[in-house]
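Structure first, commentary second.
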Amino acid sequence: MKRCSRMADIGRRQFLRGGATAAAAAVAAGAVASSAEAAPSLARVSYPSKKLGNVRELKVDDPVQISYPDADSPGVLLKLGHPVEEGVGPEHDIVAFSTLCPHKGFPLSYVAADKTLDCPGHYSRFDCEKGGQEIWGHATQNLPQFKLRVDSNGDVHAIAVDELIYGRLSNVLKA
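The following block contains the structure:
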């Protein structure tokens with residue numbers, strides 16, 4: 296059996312030390328290059344502002360079907376009848392959520408009796424009075440809530456999303 300004349304006979308410790316040194320040098324070189332490139336952009340996304348409805352048109356426990364941040368993301372605009380977490384409007388009782396279950400993407404339905412959004416697939420339930428917090432089921436995250444603002448005309452606008460919408464790598468599609 297012929298041996299390669301160019302093979303080096305090094306021990307395990309020397310091999311590992313050399314590999315660690317090379318890895319540290321690569322990390323340091325990458326950090327210097329990426330810090331120079333990444334400084335101006337801080338991985339923030341810009342959400343579109345979208346009118347969802349008007350305060351005067353909303354009725355307590357009568358959900359309005361919406362979509363945000365784009366047409367492929369169904370949601371619901373709700374007037375709950377009393378002040379809640381992240382609520383907007385004169386009574387701080389208007390909220391909006393994605394209606395795609397974060398577990399498997401099943402469409403959620405609003406249950407006015409306990410003010411929850413419920414999933415028919417695996418029975419996850421989300422509390423609309425507590426920011427979409429999961430109260431039961433298989434989901435591993437809370438329901439994405441749309442951040443809202445109300446203008447001087449009473450128009451309700453969605454301006455951001457607080458969680459990742461089911462099935463997406465990003466909530467905002469780039470043009």
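Numbering (this note's numbering), first residue to last: 296 to 470.
For glycine and all other residues, C-beta sits at the position ideal for the given N, C-alpha and C.
Opening and closing residue of the beta strand (DSSP E) in which residue i lies
{"i": "Thr411", "result": "411-413"}
{"i": "Phe401", "result": "Here Phe401 belongs to no beta strand (DSSP E), and DSSP marks it neither H nor E."}
{"i": "Gln428", "result": "428-431"}
Residues near residue i in its chain [Cβ-Cβ closer than 6 Å; skip 5 each side]
{"i": "His387", "result": "Pro378"}
{"i": "Lys399", "result": "Gly416"}
{"i": "Leu337", "result": "Because the pLDDT at Leu337 is just 46, under 50, the model does not fix this residue reliably, and the value given afterwards should be weighed accordingly. If we look at Leu337 and ignore the five residues flanking it on each side, it has no Cβ neighbours."}
{"i": "Cys414", "result": "Cys396, Phe401, Leu403"}
{"i": "Gly427", "result": "Phe392, Phe421, Asn437, Leu438, Gln440"}
{"i": "Asp450", "result": "Lys346, Asn349"}
{"i": "Ala331", "result": "Annotation note: pLDDT 48 at Ala331 (below 50); position unreliable, coordinate value reported separately. For Ala331, where only same-chain residues beyond five positions count, there are no Cβ hits under 6 Å."}
{"i": "Ala319", "result": "none"}
Supposed contact pair residue j and residue i - C-beta distance, whole angstroms, cut 8 Å
{"i": "Ala453", "j": "Ala391", "result": "6 Å"}
{"i": "Val359", "j": "Gly348", "result": "5 Å"}
{"i": "Leu471", "j": "Ile460", "result": "Residue 471 lies beyond the stretch modelled for the chain, which goes from 296 to 470, so this question has no answer here."}
{"i": "Pro369", "j": "Tyr342", "result": "Going by Cβ atoms, the distance from Pro369 to Tyr342 rounds to 17 Å, so no, they are not a contact pair."}
Burial state of residue i (16 or more Cβ within 10 Å)
{"i": "Arg312", "result": "exposed"}
{"i": "Arg351", "result": "exposed"}
{"i": "Ser447", "result": "exposed"}
{"i": "Thr316", "result": "exposed"}
{"i": "Ser419", "result": "buried"}
{"i": "Leu353", "result": "buried"}
{"i": "Gly462", "result": "exposed"}
{"i": "Asn466", "result": "buried"}
Contact under 8 Å by Cβ, residue i with residue j
{"i": "Leu375", "j": "Cys423", "result": "yes"}
{"i": "Leu443", "j": "Ile361", "result": "no"}
{"i": "Gly384", "j": "Val445", "result": "yes"}
{"i": "Glu380", "j": "Lys425", "result": "yes"}
Same chain, Cβ closer than 8 Å to residue i, five either side skipped, listed in chain order
{"i": "Val473", "result": "Because residue 473 is not part of the residues shown, which for the chain are 296 to 470, the question remains open."}
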